[in-house]
Every structure is written in structure tokens, then in C-alpha cells.
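Student: After the C-alpha cells below, expect a handful of questions from me.
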Amino acid sequence: MRTQNACDGCTIRRVKCQGTTLPCVECRRRSLECTFLRTRGKPGPKGPRLSTAQKIKEFQRKNETFRAGRLITATTAAATTTSKLTSGDGGLNCGDSESHAARSADVLQEGEEASPIPRLLAVWPVVDCDALLLSLAQREDDYETRSLAAAICAAVIAQLRLPEHMQTTTADGVTSHHFALDADHFRTLFNYRETFTISSVMIPFFLHVYYSNTQKLRAGGLLLRECVSFAQAMRLDQPLTYSGLPRAERALRLRVFWILFVSERTFCAENRLPPILTPIGEFPIDEEGGDLAGSPFSAFLCLVKLFVHLERDFVETSPSPAVLFQLRDRDRYRISQYQSNLSLGLNDGPFDETQRVDLFVTRQWIRTLLWEYTVRHFSMSCKSEDQAFSMLLPISIAHETLSLFHAVSNNSLQPHGYGMELKVFRMADSLVDTLACVPSINRSSSGSPSRISFVAEGDVDTEASVGQSDTNSPMLVSPDTVNISL
316 MRTQNACDGC TIRRVKCQGT TLPCVECRRR SLECTFLRTR GKPGPKGPRL STAQKIKEFQ
376 RKNETFRAGR LITATTAAAT TTSKLTSGDG GLNCGDSESH AARSADVLQE GEEASPIPRL
436 LAVWPVVDCD ALLLSLAQRE DDYETRSLAA AICAAVIAQL RLPEHMQTTT ADGVTSHHFA
496 LDADHFRTLF NYRETFTISS VMIPFFLHVY YSNTQKLRAG GLLLRECVSF AQAMRLDQPL
556 TYSGLPRAER ALRLRVFWIL FVSERTFCAE NRLPPILTPI GEFPIDEEGG DLAGSPFSAF
616 LCLVKLFVHL ERDFVETSPS PAVLFQLRDR DRYRISQYQS NLSLGLNDGP FDETQRVDLF
676 VTRQWIRTLL WEYTVRHFSM SCKSEDQAFS MLLPISIAHE TLSLFHAVSN NSLQPHGYGM
736 ELKVFRMADS LVDTLACVPS INRSSSGSPS RISFVAEGDV DTEASVGQSD TNSPMLVSPD
796 TVNISL
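To convert, take the position in the sequence shown, counting from 1, and add 315; that gives the working numbering.
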């Protein structure tokens with residue numbers, strides 16, 4: 316007969332406890348003391364294990380932190396057990412993939428005061444740190460997500476010119492260069508050339524941002540073309556692709572397409588390359604499927620509409636001037652209308668200072684590109700009533716831009732990085748062209764164009780800290796090819 320409660324010896328040995336008197340049969344056979352000191356456990360499910368409960372609480376705490384508008388402050392389980400990113404000699408330890416993922420997670424999870432990512436959400440409205448961190452924590456073999464996280468970290472550090480970008484080594488061995496190598500390393504661990512996802516588009520995009528900020532324009536240009544190729548493979552450049560998609564997915568894909576469109580037009584305009592992407596009839600929308608006007612991404616919508624003015628014709632691929640006076644009056648009216656629309660002020664909207672700076676400088680940069688195109692194709696005059704055909708338009712643009720720089724803080728300039736540098740120096744170059752083409756302009760006064768050009772370039776170097784001017788670059792407009800009526 317089996318007792319109701321097994322004795323301690325039988326319980327530990329996991330055998331039947333037989334016998335109604337002490338000691339039981341098994342204990343008597345082995346000359347053991349038969350005791351009943353153990354407390355009988357509760358039958359049935361015992362509830363979650365301690366480690367499982369801790370994981371649940373940690374996940375809930377992370378989610379609440381994000382919804383409160385703060386970045387996650389706790390590290391993932393992988394981050395707590397990883398070793399250094401680099402080996403002892405400073406080289407990249409490509410075999411330690413756990414360490415690579417943990418470093419990316421650490422950067423994304425820094426506190427709100429220390430993390431630079433919130434400053435760039437308005438610049439890159441395609442980054443979802445919440446979903447990215449959860450993917451890093453849940454799947455160790457998701458190499459695509461790890462590659463994306465490393466590429467974002469490299470781009471953020473390079474865009475803001477953080478110490479980890481300027482220095483070859485840091486105290487913990489992490490630099491933007493290491494993150495870029497991480498992104499390339501993780502791409503080799505999955506068949507990324509046959510994988511068409513949003514991440515496969517954004518990984519080369521953020522690597523393009525990193526290499527462009529390190530003055531490696533050939534590598535940056537090739538990566539940008541790779542982004543465009545992935546986007547075309549996913550049919551993001553075709554409006555019919557977006558019909559039938561869930562609202563959130565449709566909104567994300569539209570933002571991805573338009574940020575590629577804006578980036579490609581900027582890069583091609585500054586490097587005299589033919590653009591590939593063309594505008595589509597679908598503008599960015601919010602997560603609910605509505606227009607972005609009045610939402611946190613409304614500045615991005617305004618930026619997209621500005622770039623729609625930058626037609627393919629205005630991004631000339633050859634520095635040689637076109638034949639003058641070959642365009643019709645309709646083209647002349649079109650140029651005048653574009654300049655008139657671009658000269659209007661910003662509409663009221665929930666724009667912060669960083670967004671206002673981006674929209675203002677981009678508008679002035681497009682006006683400058685349009686002016687350069689006009690100089691090559693139309694007769695210009697210093698006394699033209701239409702500002703679009705005035706040889707002195709770059710002076711007005713420089714005045715307005717310089718006034719903006721003196722009214723905003725340094726923090727509103729830095730998030731735009733290399734793109735801001737290109738746009739401002741393009742405006743300064745056009746101002747120098749004006750001085751060369753119209754030598755009669757007074758250059759002695761404190762408000763002369765030559766002084767404006769000098770001060771504007773100095774402001775960008777010292778305030779924004781986004782690079783140096785290329786003083787050896789050829790003139791964008793040659794005095795010998797411009798028809799000017801004084």
C-alpha cells in the first residue's frame with residue numbers, strides 16, 4: 316500500500332513509497348532514516364519561473380519607457396554578456412557577432428539626455444527604434460536587423476560629427492567606422508542581394524549617409540544607387556504598389572520612397588549625376604492613412620513638395636552651358652512661376668527649429684539651382700523686374716540665409732550634416748559667380764556680396780561644423796557664357 320505522502324528519501328529518489336509504518340520498505344532496505352520533513356509542493360502549474368517573470372517585467376518597462384517619449388535605458392540580455400567589439404590589437408573581431416549586436420543596441424538604448432537619435436527623427440522619419448530594439452532582443456539570428464542597427468549607428472555618429480566619428484579609437488573601442496564594418500559584416504551572413512524588404516533598402520541608405528559624411532563620395536554614390544535598385548525591385552516607384560496595403564505599411568513605404576527621392580536628387584544635383592527616381596502621385600501619409608499636415612511629420616511633407624520643384628531638367632549632368640534662347644516663352648513662364656513659389660515663406664505648422672532650418676535652406680538651395688539653370692538658358696539682367704531672371708538673385712539668397720544662421724542655434728544645424736554643407740556652399744559658389752560675372756558690384760561695403768560669401772562660409776564651418784569649402788572647385792557659371800544686360 317502506498318502512503319498519501321512519500322517520505323523524503325523516496326521523493327528525492329523518485330520511487331514509490333510503500334509501507335504504512337515507519338520506516339518505509341525502501342528506507343528500511345537501504346538502512347536510511349525515514350522522514351517527512353519536505354513540504355509538499357502545490358500540484359499543477361507552478362506559475363512562471365523567476366527568470367521568465369523578470370523578462371516579462373523588463374519588456375513591459377521598456378515598452379512603457381518608449382511610449383513616454385524616452386529611449387530605453389535598460390540593456391538587452393545579449394548586451395549584458397558580451398565582450399569588447401574590437402580585439403586587443405584594435406582590429407575588428409568579426410567572429411564575435413554577439414558583441415556587434417550588443418554595441419548597436421547600447422547606442423540605441425542610451426538615455427534621452429545622452430542619445431542623439433531623437434535629434435535625427437525629423438531628418439530620417441523612417442527609423443522605428445522601438446521595433447528595432449525588440450527585434451534585436453527577440454532574435455539572435457536576425458542578421459538583417461543587426462545590419463540595419465549598425466548602419467543607423469554609423470550614420471548617426473557621422474551625421475552629428477560625434478567624437479566617435481572624429482577619433483580613430485575611443486575608450487571602449489567603438490567608432491562610426493566599426494559600426495559601418497559591422498553592417499557590412501552582418502550583410503554577408505544572409506543572402507541580402509535576394510532579400511527585398513524595407514530593411515534591405517534602408518541598410519545601404521544609412522551606409523550612404525555614413526560614407527558621404529566621411530567624404531567617400533564614390534562609395535556613398537554606389538550605395539545610393541543600390542538603395543534605388545532595391546526600391547525599384549520592390550516597385551516603390553510605382554503608385555499601384557501602394558493600393559491594398561495596410562495603412563501602417565503603406566505609410567512606411569511612402570516615407571521610404573520619398574526620403575530616397577530627396578536624397579538622390581540632392582546627391583545628383585551636387586555631383587552632376589542623372590537622377591533615376593521620378594515623383595509619384597502618392598505623397599507621404601500618417602499611420603492612420605491621412606495627410607501629414609498637422610502631424611509630427613508635416614515638415615517632411617513640406618520638404619517633399621519642395622523637391623518636386625527640382626525637376627530632372629534642373630539637375631544638369633554636364634557642366635557645359637546649353638545654347639541660349641532655345642527655350643520657348645512657356646518655359647520662361649515656368650521658371651518665373653517656380654521662383655515665385657519658392658520665394659514664399661513657410662506655412663504655419665508644428666515645425667521645430669531643426670525642421671525650419673532644413674526647409675529654409677533647402678528652399679534657398681533649390682532657388683540657387685534654378686538660377687544656375689536659368690543663367691545657362693536665358694538672357695539675364697541686373698535690372699530685371701522678375702527676380703527669376705536677375706543676375707543679382709544669389710545676393711538676396713545669401714542675405715536671407717545669413718540672417719537665418721545668426722538667428723538659430725548650433726543644435727538646429729548639426730543634425731543635417733553633410734547635406735547642409737553641400738547646400739550652403741552651393742549658394743556661396745553662386746554668389747562668387749555673380750561677383751565674377753558682374754564686376755561692377757560694390758565690394759567695399761560691409762554688406763557687399765564678397766563679405767556675405769566669406770561670413771556665410773565661416774558660419775557653416777564654425778557653427779554647424781559640417782566641413783570645409785572646396786576652394787579649388789571650378790566655377791558653376793562662366794562669365795564668358797552668360798548674356799548679361801546691365
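Note that the Cβ used here is the ideal one computed from N, Cα and C, for glycine as well.
Computed from a predicted structure; not experimentally measured.
Is M695 helix, strand or coil by DSSP?
Tutor: strand
Student: Comparing alpha-carbon positions, which option in V619, S711 and P554 lies nearest T581?
Tutor: Distance check between T581 and each of V619, S711 and P554 places V619 closest, using alpha-carbon atoms only.
Student: Going by C-alpha distance, which of G536, Y526, P599 and I681 is nearest I591?
Tutor: G536
Student: Count the other CB atoms, across all protein chains shown, that sit within 10 Å of the CB of V623; report buried if there are 16 or more and exposed otherwise.
Tutor: exposed
Student: Near T716, what residues of its chain come up, given a Cβ to Cβ distance below 8 Å and the 5 sequence neighbours on each side ignored?
Tutor: If we look at T716 and ignore the five residues flanking it on each side, its Cβ neighbours are F675, V676, Q679, V739, M742 and A771.
Student: Report yes if the C-beta distance between Q654 and R476 is below 8 Å; otherwise report no.
Tutor: no
Student: Using only the alpha-carbon positions, how far apart do A713 and D628 sit?
Tutor: 24 Å
Student: Answer yes if the segment 512-520 comes into contact with the segment 537-545, meaning at least three C-beta pairs across the two stretches below 8 Å, and no otherwise.
Tutor: yes
Student: Figure out for me which residue from R329, A321 and R355 has the closest Cα to the Cα of C349.
Tutor: If we check each option's Cα against that of C349, A321 comes out closest.
Student: Suppose you measure from the CA of A394 to the CA of Q453; what does that come to, to the nearest Å?
Tutor: Any reading at A394 must be qualified, since the residue scores a pLDDT of 33, below 50, and its modelled position is unreliable; no value is offered.
Student: Start and end of the alpha helix (DSSP H) containing T716?
Tutor: Element bounds for T716: L708 to A722.
Student: Quick one: Cα of I327 to Cα of H493, how far?
Tutor: 53 Å
Student: Whose CA, out of F351, S491, C617 and R502, lies closest to the CA of N528?
Tutor: S491
Student: Should T593 be counted as a contact of the ligand NAD given a C-beta to heavy atom distance under 7 Å?
Tutor: The ligand content of the structure shown is nil, which means the ligand NAD is not present either.
Student: Which value, in whole angstroms, describes the spacing of the CA atoms of V747 and I472?
Tutor: 33 Å
Student: In terms of residue numbering, what span does the alpha helix (DSSP H) encompassing P358 cover?
Tutor: Premise fails: P358 is in no alpha helix (DSSP H) and is neither H nor E.
Student: If distances are taken between C-alpha atoms only, which option among V690, R671 and E700 comes closest to V723?
Tutor: R671
Student: What span of residues does the alpha helix (DSSP H) with R528 cover, start to end?
Tutor: The sequence as given places Asn at residue 528; Arg does not occur at that position. Element bounds for N528: I513 to N528.
Student: Taking just the CA atoms, how far does A465 sit from S694?
Tutor: 51 Å
Student: What three-state label does DSSP hand S705 in the structure shown?
Tutor: Residue state, collapsed to three classes: strand.
Student: Counting only the same chain and skipping the five closest in sequence on each side, list residues whose C-beta sits under 6 Å from that of M549.
Tutor: F511
Student: According to DSSP, I327 sits in a beta bridge with which residue or residues?
Tutor: BP columns for I327 are empty, so no partner.
Student: Where are the alpha helix (DSSP H) runs, 4 residues long or more, that stay fully inside the segment 438-508, in chain order?
Tutor: 444-453, 458-474, 478-481 and 491-502
Student: When the Cα of A495 is compared with those of K331, R461, E509 and F615, which residue comes out closest?
Tutor: Of the candidates K331, R461, E509 and F615, R461 places its Cα closest to the Cα of A495.
Student: Decide if Q333 is buried, meaning its Cβ has at least 16 other Cβ atoms within 10 Å, or exposed.
Tutor: Under the 10 Å beta carbon count, Q333 is surrounded by fewer than 16 other beta carbons and is classified as exposed.
Student: In the DSSP assignment, find the unbroken alpha helix (DSSP H) run with E585 in it and report its ends.
Tutor: DSSP places E585 in the uninterrupted alpha helix (DSSP H) bounded by R562 to N586.
Student: For I600, which of helix, strand or coil comes out of DSSP?
Tutor: In this structure, I600 counts as strand in the three-state DSSP scheme.
Student: Quick one: residues in its chain with C-beta nearer than 6 Å to the C-beta of F521, no 5 flanking neighbours on either side, listed in chain order?
Tutor: A466, I467 and A470
Student: Could you check how far apart the C-beta atoms of L616 and P599 are, in whole angstroms? I think they sit under 8 Å.
Tutor: 5 Å
Student: When DSSP labels each residue in this structure, what does Q654 get in the three-state scheme?
Tutor: In the three-state scheme derived from DSSP, where H, G and I count as helix and E and B as strand, Q654 is classed as helix.
Student: What residue range is occupied by the uninterrupted alpha helix (DSSP H) comprising L592?
Tutor: Where L592 is concerned, there is no enclosing alpha helix (DSSP H), given that its DSSP letter is neither H nor E.
Student: By alpha-carbon positions, which one of Q547, T354, R329 and N656 ends up nearest to F576?
Tutor: Q547
Student: Near Y526, which residues of its chain fall below 8 Å by C-beta distance, leaving aside the five closest residues on each side in sequence?
Tutor: A495, L532, A534, G535 and L538
Student: For W573, which residues from the same chain have a beta carbon less than 6 Å from its beta carbon, with the 5 sequence-adjacent residues on both sides left out?
Tutor: P599 and V619
Student: Which residues share a DSSP beta bridge with Q729?
Tutor: Per DSSP, none; premise fails for Q729.
Student: Helix, strand or coil, according to DSSP, for Q333 in the structure here?
Tutor: strand
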